[in-house]
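Asks: Take a look at the following structure, please.
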Amino acid sequence: MPEILGWLIVHDEKTASQTFNLKKGLNTVGRISQKSPSDLMIQTEDRYMSRPHCTIEVKINKMGQVDYVLQDGSLKTDGTRKNSQNGTFLNGQEPALHPSEQIYLKDGDTIQLGETKVVLKTFQMSESLQKAHRQVEGSDFTRTILSFT
Numbered sequence: 001m002p003e004i005l006g007w008l009i010v011h012d013e014k015t016a017s018q019t020f021n022l023k024k025g026l027n028t029v030g031r032i033s034q035k036s037p038s039d040l041m042i043q044t045e046d047r048y049m050s051r052p053h054c055t056i057e058v059k060i061n062k063m064g065q066v067d068y069v070l071q072d073g074s075l076k077t078d079g080t081r082k083n084s085q086n087g088t089f090l091n092g093q094e095p096a097l098h099p100s101e102q103i104y105l106k107d108g109d110t111i112q113l114g115e116t117k118v119v120l121k122t123f124q125m126s127e128s129l130q131k132a133h134r135q136v137e138g139s140d141f142t143r144t145i146l147s148f149t
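For the sequence shown, UniProt numbering assigns the number 1 to the initial residue and increments by one for each residue that follows.
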């Protein structure tokens, strides 16, 4: 099993394209911050995105397949969860994920954090970062949810 099991690729109308490696275990995703760093920090001016905004847990299931599990918010040092300020949306659908909800993602899913959208590309479907980029760049933007503004 490779060390990098997928990628999050920023793909929206306002934020520059960026790519982040997903590794086995808990990956915290959020806005770039010195005070409250995330594992994957998105360079953006989007103030609707929390510094730690959501987590994606990458794990191997009983069948030997890779699962990607999305949850709003992040784990605090005491083991409790801190919810994001404006919610996490999946594939342009409302309402936002419930804070305790865990969603199994699939290749090509679009996650909206604030107004910024990222696309999940899995190693199984893309095999290389270059192929993942081509697939995302050739796709349409998912609609942006603006219910929190």
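A virtual CB, placed ideally from N, CA and C, is assigned to each residue, including glycine. In this text, all values refer to a predicted model and were calculated from it rather than measured experimentally.
So does the stretch 117-129 actually touch the stretch 65-74, counting three or more Cβ pairs closer than 8 Å?
Replies: The stretch 117-129, when compared against the stretch 65-74, does touch it at the 8 Å Cβ threshold.
Asks: Answer with buried or exposed for Met-1, where buried requires no fewer than 16 other C-beta atoms within 10 angstroms of its C-beta.
Replies: For the purposes of this step, residue 1 is identified with residue 1 of the sequence shown, where counting begins at 1. Met-1 is exposed by the Cβ-count criterion.
Asks: Helix, strand or coil: how does DSSP classify Phe-141 here?
Replies: For the purposes of this step, residue 141 is identified with residue 141 of the sequence shown, where counting begins at 1. Three-state DSSP puts Phe-141 in coil, outside helix and strand.
Asks: For Asn-21, which residues in the same chain have their Cβ closer than 7 Å to its Cβ, ignoring the five residues on either side in sequence?
Replies: Here residue 21 refers to the residue found at position 21 of the sequence shown. If we look at Asn-21 and ignore the five residues flanking it on each side, its Cβ neighbours are Ile-4 and Trp-7.
Asks: Which residue from His-98, Ser-84, Asn-91 and Thr-116 puts its Cα closest to that of Asp-107?
Replies: Locating residue 107 in the sequence shown gives position 107, where the first residue counts as 1. The candidate whose alpha carbon is nearest that of Asp-107 is Asn-91.
Asks: Quick check: what's the CA-CA separation for His-133 versus Ile-103?
Replies: Within the sequence shown, the letter at position 133 stands for residue 133. Within the sequence shown, the letter at position 103 stands for residue 103. Distance between the alpha carbons of His-133 and Ile-103 is about 24 Å.
Asks: Using a Cβ-Cβ cutoff of less than 6 Å, which residues in the same chain neighbour Lys-82 once the five nearest sequence positions on both sides are dropped?
Replies: Indexing the sequence shown from 1 puts residue 82 at position 82. Cβ within range, chain order: Gly-73, Ser-74 and Lys-76.
Asks: List the whole-angstrom C-beta distance separating residue 152 from Glu-115, where the pair is believed to meet the contact cut-off of C-beta under 8 Å.
Replies: Residue 152 is absent from the structure shown; the chain starts at 1 and stops at 149.
Asks: Starting from the Cα of Val-58, find the closest Cα among Leu-105, Asp-12, Gln-18 and Ile-32 and give me that residue.
Replies: Residue numbering aside, residue 58 sits at position 58 when the sequence shown is read from its first letter. The option with the nearest alpha carbon to Val-58 is Leu-105.
Asks: What three-state label does DSSP hand Leu-22 in the structure shown?
Replies: In the sequence shown, the residue the question calls residue 22 occupies position 22. In this structure, Leu-22 counts as strand in the three-state DSSP scheme.
Asks: Thinking C-alpha only, which one of Leu-146, Gly-138 and Ile-145 is nearest Ser-17?
Replies: Along the sequence shown, read from residue 1 onward, the residue named residue 17 stands at position 17. If we check each option's Cα against that of Ser-17, Gly-138 comes out closest.
Asks: In whole angstroms, give me the CA-to-CA distance for Ser-33 and Lys-23.
Replies: For the purposes of this step, residue 33 is taken as residue 33 along the sequence shown, with counting starting at 1. For the purposes of this step, residue 23 is taken as residue 23 along the sequence shown, with counting starting at 1. So the two alpha carbons sit approximately 21 Å from each other.
Asks: Can you give me the C-alpha to C-alpha distance between Leu-40 and Ser-50, rounded to a whole angstrom?
Replies: For the purposes of this step, residue 40 is identified with residue 40 of the sequence shown, where counting begins at 1. For the purposes of this step, residue 50 is identified with residue 50 of the sequence shown, where counting begins at 1. Spanning the two alpha carbons is a distance of roughly 12 Å.
Asks: Note down, in chain order, each residue of its chain lying with its Cβ closer than 6 Å to the Cβ of Asp-78, except the 5 sequence neighbours on either side.
Replies: As a working note, residue 78 is residue 78 in the sequence shown. Taken in chain order, the list of residues that qualify is empty.
Asks: Taking Cβ positions, are Asp-12 and Phe-141 nearer each other than 8 Å?
Replies: One-based indexing of the sequence shown puts residue 12 at position 12. One-based indexing of the sequence shown puts residue 141 at position 141. Yes.
Asks: Are Gly-30 and Ser-38 close, meaning C-beta to C-beta below 8 Å?
Replies: If you number the sequence shown from 1, residue 30 lands on position 30. If you number the sequence shown from 1, residue 38 lands on position 38. Yes, these two residues count as a Cβ contact at 8 Å.
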